[in-house]
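Undergrad: First to last, the protein sequences are chains X and D. Residues in the first sequence are numbered from 16 upward in steps of one, following this note's numbering. Residues in the second sequence are numbered from 589 upward in steps of one, following this note's numbering.
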Amino acid sequence: MSGGTRLENANPLIFQRSGERRLTATDEDEDVADPIDDREIFDIFSKSINDPEHPLSLEELNVVEQMRVNVNDQESMVSVEFTPTIPHCSMATLIGLSIKVKLLRSLPDRFKIDVHITPGTHASEDAVNKQLADKERVAAALENSQLLEVVNQCLSSRAM
Amino acid sequence: MKGALELLQRVSAHPDARCWCVAWSPSGTLLASCGGDCAIKIWGKEGDSWECKCVMADGHQRTVRTVAWSPCGKYLASASFDATTCIWKKTNDDFESLTVLEGHENEVKCVTWAPSGNLLATCSRDKSVWIWEVDEEDEYECVSVVNSHTQDVKHVVWHPTQELLASAGYDNKVCIYKEVDDDWECRATLEGHESTVWSLAFDPEGQRLASCSDDRTVKIWKKSTLGDGESDSSDESWKCVCTLSGFHGRTIYDVAWCRLTGALATACGDDGVRVFKEEDPTVDPEQPVFFMSAHLPKAHGQDVNCVSWNPKEAGLLATCSDNGEFAIWKYNSDS
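Spelled out as structure tokens, the structure:
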């Protein structure tokens with residue numbers, strides 16, 4: 016991992032809206048659940064439990080350069096693309112796994128969650144993406160208490 | 589011929605956990621389920637509803653991934669992420685642990701009994717397939733460890749009539765095994781899928797093999813006969829004769845071929861259950877055509893992990909899901 020130099024990119028979180036979000040009558044209606052949109056996903060990753068006033072950036076850990084989020088509430092799909100700064104395979108898998116776990120814990124069960132590496136940014140992206148997409152592997156990995164501890168630490172740090 | 593799937597019952601079998609597998613007993617009267625809560629449950633019909641008859645909660649320390657009944661119905665095998673396979677013996681309405689098969693280095697993904705009842709196969713993330721022999725005294729012995737896959741092995745299934753085994757893997761391949769000179773070997777490797785092959789099913793006659801994959805297709809493989817009529821009995825040659833693509837929205841986790849009707853059912857990560865039927869098979873056996881007879885887009889609220897046809901009652905189908913429930917359906921081919 017490189018030393019303390021900050022990345023130039025001040026805002027690593029980029030959102031692609033899958034459709035125009037216009038305020039409708041149902042948004043105001045208390046009895047109708049709000050659809051999940053990219054704002055909510057942004058909040059999942061930037062709010063720190065300790066300091067809600069300071070949205071956080073993943074660049075503080077210096078492991079993710081950029082994260083693209085695509086949300087489609089109607090289809091119950093969330094896609095997250097992240098660019099690892101570290102070429103080492105296991106770190107990219109761990110970051111991807113942490114992002115996936117964070118979303119699994121935060122979103123309703125109906126959501127299909129896809130986490131993958133930004134194409135062209137990592138030598139082993141196909142292998143890493145395949146692991147992240149395999150729910151059986153992910154489930155087995157999370158039953159490993161040591162790995163789960165590492166993931167939890169990753170998520171509790173201000174970077175996530 | 590348009591078919592339909594009718595819901596008979598939905599059961600919250602493994603609350604707050606995934607239900608990974610459901611398996612009918614050979615008599616068709618019991619259903620075994622297993623899941624992420626490390627438990628195995630046995631369900632039986634009382635009147636019109638399915639009730640829990642037995643819970644085996646202490647057999648495994650981690651997720652139970654697959655359960656499989658012996659052909660005689662007296663034993664149940666369970667494969668777990670704790671790297672063991674447990675053999676349970678049925679006595680009246682209860683199941684007791686008979687023995688625990690150890691050896692795999694990590695998660696056991698699948699276990700399956702051969703039709704003879706004397707052989708068992710298991711497979712694991714450790715890339716190996718183990719073949720076990722059972723003797724008259726209920727003693728289990730590993731007779732072969734085969735390492736043909738280059739990655740996790742997801743599924744193993746025995747041929748319905750011959751002593752032939754097939755396995756599916758994370759390496760996108762399907763392997764066929766036969767016993768040659770007292771040792772089990774891979775005799776054919778079926779390539780074609782573009783991603784992990786999750787499950788396999790032989791057709792009722794054992795002439796064809798269906799495979800389903802993360803590449804969202806189902807492939808039908810047929811054993812090809814060698815041209816000149818004379819063939820070495822250990823040669824295996826299978827080729828892909830049909831690919832069902834464009835029907836499934838996400839990973840297909842399971843495929844099941846009904847012994848009674850020949851219908852093919854799939855369990856998909858898009859929450860849907862689909863049934864395929866073959867068009868007139870006499871037209872060209874080398875190029876079978878399948879059509880989608882029934883499609884239930886939201887069979888469950890989450891991924892469907894397993895699909896299983898009842899061996900005695902035609903059209904009765906069980907499925908299970910990530911939301912911990914299983915469902916019983918009645919499939920009608922003409923609705």
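Idealized CB from N, CA, C, for every residue including glycine.
List, in chain order, every chain D residue whose beta-carbon is nearer than 9 Å to that of aspartate 124 of chain X.
TA: Going along chain D in sequence order, the residues near aspartate 124 of chain X (Cβ under 9 Å) are Gly889, Gln890, Asp910, Asn911.
Undergrad: DSSP puts alanine 855 of chain D in a beta bridge; with which residues?
TA: Note: alanine 855 of chain D sits in a beta bridge opposite D/Asp842, D/Val861.
Undergrad: Step through the CB atoms of chain X and report whether any lies within less than 8 Å of the CB of phenylalanine 914 of chain D.
TA: Answer no: the Cβ-Cβ gap between phenylalanine 914 of chain D and chain X never drops below 8 Å.
Undergrad: Identify the continuous alpha helix (DSSP H) that holds glutamine 739 of chain D and give its terminal residues.
TA: Taken as a continuous stretch (DSSP letters only), glutamine 739 of chain D belongs to no alpha helix (DSSP H), as it is neither H nor E.
Undergrad: My output table needs one value for threonine 679 of chain D: the three-state DSSP class, helix, strand or coil.
TA: Three-state result, threonine 679 of chain D: strand.
Undergrad: Answer with buried or exposed for arginine 606 of chain D, where buried requires no fewer than 16 other C-beta atoms within 10 angstroms of its C-beta.
TA: It is buried - the Cβ of arginine 606 of chain D has at least 16 other Cβ atoms within 10 Å.
Undergrad: Does the beta carbon of glycine 817 of chain D sit closer than 8 Å to a beta carbon anywhere in chain X?
TA: Confidence is the limiting factor: at glycine 817 of chain D the pLDDT is only 48, short of 50, which leaves the residue's position unreliable, though a coordinate-based value still follows. No, no contact with chain X.
Undergrad: Against phenylalanine 669 of chain D, what residues of chain X qualify as contacts under a CB-to-CB distance less than 7 Å, listed in chain order?
TA: Ordered by position in chain X, the residues that pass the 7 Å Cβ test against phenylalanine 669 of chain D are Ala155, Glu158.
Undergrad: For alanine 789 of chain D versus valine 843 of chain D, is the C-beta distance shorter than 8 Å?
TA: Yes, Cβ-Cβ distance for alanine 789 of chain D and valine 843 of chain D is below 8 Å.
Undergrad: When you check each C-beta in the segment 619 to 650 of chain D against every C-beta of chain X, which residues fall closer than 8 Å?
TA: If the cut-off is 8 Å between Cβ atoms, the segment 619 to 650 of chain D has Gly624, Arg650 near chain X.
Undergrad: Among residues of its own chain, excluding the 5 on either side of serine 812 of chain D, which ones have a beta-carbon nearer than 8 Å to its beta-carbon?
TA: Once the five neighbours on either side are set aside, the close Cβ partners of serine 812 of chain D are Ser825, Trp826, Lys827.
Undergrad: Evaluate the contact criterion for the segment 894 to 906 of chain D versus the segment 600 to 615 of chain D: three or more CB pairs, one atom per stretch, below 8 Å.
TA: Yes, the segment 894 to 906 of chain D touches the segment 600 to 615 of chain D.
Undergrad: Kindly list the residues whose CB is nearer than 7 Å to the CB of histidine 131 of chain X, restricted to its own chain and excluding five residues on each side of it in sequence; keep chain order.
TA: Same-chain partners within the cutoff: Glu96, Asn144, Leu147.
Undergrad: Closest to leucine 619 of chain D by CA distance: which of D/Asp910, D/Asn920, D/Leu904, D/Val871 is it?
TA: When each option's Cα is compared against that of leucine 619 of chain D, the closest is D/Leu904.
Undergrad: Is alanine 887 of chain D near aspartate 868 of chain D, with beta carbons less than 8 Å apart?
TA: Cβ atoms of alanine 887 of chain D and aspartate 868 of chain D: not closer than 8 Å.
Undergrad: Against chain D, does lysine 127 of chain X count as a neighbour if the rule is that its beta carbon must be under 8 Å from one of theirs?
TA: At least one chain D Cβ lies under 8 Å of lysine 127 of chain X.
Undergrad: How would you call leucine 595 of chain D, buried or exposed, if buried means at least 16 neighbouring beta carbons within 10 angstroms?
TA: That one is exposed.
Undergrad: Do you know offhand how far glutamate 866 of chain D's Cα is from cysteine 830 of chain D's?
TA: In a straight line, the C-alpha of glutamate 866 of chain D is about 11 Å away from that of cysteine 830 of chain D.
Undergrad: Just to make sure I have the definition right: I need the residues of chain D whose C-beta is within less than 8 Å of the C-beta of aspartate 141 of chain X. Which are they?
TA: Neighbours of aspartate 141 of chain X on chain D: none; closest Cβ ~10 Å, over 8 Å.
Undergrad: Taking the alpha carbon of leucine 686 of chain D as the reference point, which residue from D/Ile628, D/Ala776, D/Phe879, D/Glu727 has its own alpha carbon closest?
TA: Per the Cα distances, D/Glu727.
Undergrad: Given a limit of 7 Å on CB to CB distance, which residues of the segment 848 to 859 of chain D reach chain X?
TA: Under the 7 Å Cβ criterion, the segment 848 to 859 of chain D contributes no residue.
Undergrad: Does any residue of chain X have a CB that is nearer than 8 Å to the CB of threonine 784 of chain D?
TA: By this cut-off, threonine 784 of chain D is an interface position.
Undergrad: What's the gap between the Cα of valine 699 of chain D and the Cα of aspartate 52 of chain X?
TA: Approximately 42 Å, taken between the alpha carbons.
Undergrad: Hey, how far is the Cα of glutamate 634 of chain D from the Cα of aspartate 802 of chain D?
TA: Whole-angstrom Cα-Cα distance: 38 Å.
Undergrad: Which term fits serine 17 of chain X, buried or exposed, when burial requires 16 or more other beta carbons within 10 angstroms of its beta carbon?
TA: Because the pLDDT of serine 17 of chain X is 38, which lies under 50, any placement of that residue in the model is unreliable, and the number read from its coordinates should be weighed accordingly. Per the 10 Å Cβ criterion, exposed.
Undergrad: Using C-beta distances below 7 Å, list every residue in its chain close to tyrosine 758 of chain D, excluding the 5 sequence neighbours before and after it, in chain order.
TA: Once the five neighbours on either side are set aside, the close Cβ partners of tyrosine 758 of chain D are Gln739, Asp740, Lys742, Thr784.
Undergrad: DSSP state of lysine 150 of chain X, grouped into three classes?
TA: Lysine 150 of chain X falls in the helix class under three-state DSSP.
Undergrad: Using the beta-carbon of each residue, which ones in chain D are nearer than 7 Å to aspartate 53 of chain X?
TA: Those do not exist, as aspartate 53 of chain X stays about 22 Å from chain D at its closest Cβ, beyond 7 Å.
Undergrad: With the cut-off set at 8 Å, would you say proline 703 of chain D and glycine 912 of chain D are in Cβ contact?
TA: No, the Cβ-Cβ distance between proline 703 of chain D and glycine 912 of chain D is not below 8 Å.
Undergrad: Whole-angstrom Cβ separation of tyrosine 841 of chain D and leucine 593 of chain D, contact assumed at under 8 Å?
TA: With 8 Å as the limit, tyrosine 841 of chain D and leucine 593 of chain D do not qualify as a contact, their Cβ atoms being about 17 Å apart.
Undergrad: Does chain D have any CB closer than 8 Å to the CB of glutamate 68 of chain X?
TA: Residue placement at glutamate 68 of chain X is poorly supported in this model, since its pLDDT is 37, which falls under 50; the coordinates still yield a value, given next. No, its Cβ sits nowhere closer than 8 Å to a Cβ of chain D.
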